[in-house]
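Heads up: the structure comes next, in structure tokens.
Chains as they are written, first to last, in my numbering: chain X, 1 to 366; chain F, 367 to 645.
Written out as structure tokens, the structure reads:
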């Protein structure tokens with residue numbers, strides 16, 4: 001019962017202040033600084049840096065991040081395949097390290113790939129095999145295996161050797177294998193990577209069904225922003241081991257969309273126009289389109305300041321004889337948010353330097 | 367124990383399905399194995415420094431049988447250790463290793479069950495091969511079921527302990543698996559050349575024979591199957607009274623303890639290092 005009082009009871013999965021650094025040793029490698037060969041060189045890669053988040057029952061949490069950000073390591077730490085250096089991971093209120101055996105029956109994992117299954121066997125034989133390994137037996141196993149294949153849409157292929165199945169079908173089977181012990185928590189590491197649109201759509205639908213109808217907690221790591229945006233109730237963005245954002249998907253998008261406006265004008269204004277703009281308005285970029293140039297502008301966050309800035313901007317346009325054709329709020333997608341937060345396209349960072357920093361610093365954890 | 371039996375059942379079903387589904391591969395494996403043994407045995411004798419002497423020796427069925435059995439036990443050792451080295455590498459590459467780790471019974475139970483099933487099928491096919499080759503060279507095997515089954519079981523336990531130790535290393539340092547082919551070859555050689563006469567070669571050799579895995583098992587099996595449990599004076603002395611048998615039992619206990627303990631330590635370490643499912 002250790003530490004139970006500290007774990008938020010509404011979470012089925014909870015990570016608290018989890019850190020993980022991988023150390024590798026390279027022998028006889030050339031030192032980048034000195035250019036000389038060294039007998040042994042130690043390299044460190046931080047995969048988790050004080051990560052804290054939780055997943056509620058019936059919730060799909062998405063973990064986004066560039067390659068090597070620490071997404072898979074986080075999944076592996078929840079499933080007990082990797083031990084954290086510090087911090088604790090709880091599943092159903094139990095510490096993963098101390099109660100590993102108990103939590104294994106509560107977790108199903110699909111780890112990056114289609115080769116979880118045994119290719120010389122059929123899907124049904126695979127499910128029987130893994131069912132036995134997970135202490136599911138007899139009539140229950142047979143019924144559940146057939147139900148799962150029906151549910152995922154593989155019942156017609158249940159007697160075909162896995163090696164003859166398509167990539168999408170193999171991935172569906174991997175999900176069935178993860179579900180064979182009827183776990184409360186499903187961890188999916190990039191479940192739609194490399195799949196065609198139809199297979200990806202089908203897997204997304206099944207994940208939604210599994211979560212909403214069966215009240216499971218699901219953690220999905222993905223590179224695919226569309227998958228995350230469509231599927232996840234909450235998004236965590238992880239970069240270089242740090243969880244830099246964790247919010248409900250809609251709120252995260254809202255946070256980034258409300259200050260950016262696209263103003264379509266009749267011509268590209270000269271530089272004096274921008275020099276005269278109030279300091280609260282920042283030009284992010286000028287896009288060229290068939291219907292004229294589009295000024296992408298960032299306005300202040302508070303309603304009062306924003307209103308004031310708008311009036312001022314319109315006055316400046318009038319004084320420069322600049323015709324405004326349309327003003328629209330920029331509809332940002334998750335890809336935009338992701339690029340902003342991970343620094344791949346930090347236009348907002350630059351724009352906000354004088355305003356005291358990135359909006360991402362404010363209210364991104366929830 | 368229930369978990370072990372459950373996994374064993376799953377493994378037997380899996381092995382049976384694969385054997386049945388890929389029957390042509392199984393059959394050709396047996397035929398090729400037979401051919402290979404005949405060539406190996408012949409080659410072994412022909413490569414002796416004195417070719418004529420070697421040719422004469424080929425006419426000695428007892429000696430030939432001794433080597434055939436040595437080859438088979440050696441191959442068995444080679445296979446069991448291979449399951450822990452190549453097996454773990456392959457499972458890590460395919461992602462099966464991580465799924466095994468997600469089994470509530472743990473990796474040790476899983477590997478134990480897998481190796482038992484793999485060994486039973488290896489022993490079954492090896493027995494067919496031994497008989498085919500022994501009959502071909504005109505030899506004779508003294509099949510006494512109780513000592514043979516006991517010795518095979520002990521040989522397996524002996525190898526499993528050593529296998530777990532090697533397997534533990536491979537869990538953390540996957541690339542070591544390539545180097546361990548040398549260890550497997552050494553085990554093969556030990557099984558091939560182990561014989562009672564080595565015990566009279568001074569205490570250092572004798573101690574080495576007793577400490578190393580598979581040597582005592584090989585000596586005992588050859589004593590039963592080739593010599594028919596007859597000592598140098600031609601008297602029947604049960605293998606259970608043979609000094610190598612006692613060493614074999616002690617060897618099993620010590621190697622199994624060391625192997626499983628080390629495997630558990632290394633499994634934990636690999637989870638700390640994050641190398642469990644990586645290759």
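Backbone N, C-alpha and C define an ideal beta-carbon position, used for all residues, glycine too.
A quick note: this is a predicted structure, and the numbers were derived from the prediction, not measured.
According to DSSP, is residue i part of a helix, a strand, or is it coil?
i                     : result
residue 342 (chain X) : helix
residue 2 (chain X)   : Any reading at residue 2 (chain X) is ruled out, since the residue's pLDDT is 47, under 50, leaving its predicted position unreliable.
residue 327 (chain X) : strand
residue 469 (chain F) : coil
residue 229 (chain X) : helix
residue 388 (chain F) : coil
residue 88 (chain X)  : strand
residue 38 (chain X)  : strand
residue 293 (chain X) : strand
residue 54 (chain X)  : strand
residue 280 (chain X) : coil
residue 348 (chain X) : The predicted model places residue 348 (chain X) with a pLDDT of 44, which falls under 50 and marks its position as unreliable, so this point remains unresolved.
residue 267 (chain X) : coil
residue 374 (chain F) : helix
residue 196 (chain X) : coil
residue 239 (chain X) : strand
residue 286 (chain X) : strand
residue 245 (chain X) : strand
residue 11 (chain X)  : coil
residue 355 (chain X) : Confidence in residue 355 (chain X) is poor, its pLDDT being 36 and thus under 50, which makes the residue's placement too unreliable to answer from.
residue 95 (chain X)  : strand
residue 172 (chain X) : helix
residue 453 (chain F) : helix
residue 48 (chain X)  : strand
residue 122 (chain X) : coil
Using a beta-carbon distance below 9 Å, is residue i in contact with chain X?
i                     : result
residue 384 (chain F) : yes
residue 468 (chain F) : yes
residue 439 (chain F) : no
residue 465 (chain F) : yes
residue 372 (chain F) : yes
residue 462 (chain F) : yes
residue 375 (chain F) : yes
residue 566 (chain F) : no
residue 550 (chain F) : no
Here's the rule: buried if 16 or more other CB atoms are within 10 angstroms of the residue's CB, otherwise exposed. What is residue i?
i                     : result
residue 75 (chain X)  : buried
residue 598 (chain F) : exposed
residue 569 (chain F) : exposed
residue 382 (chain F) : exposed
residue 279 (chain X) : exposed
residue 25 (chain X)  : exposed
residue 623 (chain F) : exposed
residue 551 (chain F) : exposed
residue 333 (chain X) : exposed
residue 77 (chain X)  : buried
residue 28 (chain X)  : exposed
residue 11 (chain X)  : buried
residue 111 (chain X) : buried
Check whether chain F comes within 9 Å of residue i, counting only Cβ atoms and requiring the distance to be less than that.
i                     : result
residue 10 (chain X)  : no
residue 370 (chain X) : The requested residue 370 (chain X) is not part of the displayed model; chain X covers only 1 to 366.
residue 195 (chain X) : no
residue 161 (chain X) : yes
residue 118 (chain X) : yes
residue 287 (chain X) : no
residue 211 (chain X) : no
residue 186 (chain X) : no
residue 129 (chain X) : yes
residue 22 (chain X)  : yes
residue 73 (chain X)  : yes
residue 37 (chain X)  : no
residue 351 (chain X) : With a pLDDT of 36 at residue 351 (chain X), under the threshold of 50, the modelled position of that residue is not reliable, and no figure is offered here.
residue 101 (chain X) : yes
What whole-angstrom Cβ distance do residue i and residue j have, given they're in contact under 8 Å?
i                     : j                     : result
residue 218 (chain X) : residue 186 (chain X) : 5 Å
residue 532 (chain F) : residue 547 (chain F) : Contact doesn't hold; Cβ gap of about 11 Å is too wide.
residue 109 (chain X) : residue 178 (chain X) : 6 Å
residue 148 (chain X) : residue 180 (chain X) : 7 Å
residue 625 (chain F) : residue 528 (chain F) : 6 Å
Within 8 Å: the Cβ of residue i and any heavy atom of the ligand SAH?
i                    : result
residue 19 (chain X) : This structure simply doesn't include the ligand SAH, nor any ligand for that matter.
>> Any contact between the segment 26–46 of chain X and the segment 191–204 of chain X? By contact I mean 3 or more CB pairs, one from each, below 8 Å.
In response: no
>> Does the contact criterion of 3 or more C-beta pairs under 8 Å hold for the segment 599–619 of chain F versus the segment 566–584 of chain F?
In response: yes
> Is the segment 400–407 of chain F touching the segment 492–500 of chain F, taking contact as three or more C-beta pairs under 8 Å?
Replying inline: With three or more CB-CB distances shorter than 8 Å, the segment 400–407 of chain F counts as touching the segment 492–500 of chain F.
> So, do the segment 549–565 of chain F and the segment 434–445 of chain F have three or more beta carbon pairs nearer to each other than 8 Å?
Replying inline: Using a Cβ-Cβ distance cut-off of 8 Å, the segment 549–565 of chain F and the segment 434–445 of chain F are in contact, since at least three pairs of beta carbons, one from each stretch, lie closer than that value.
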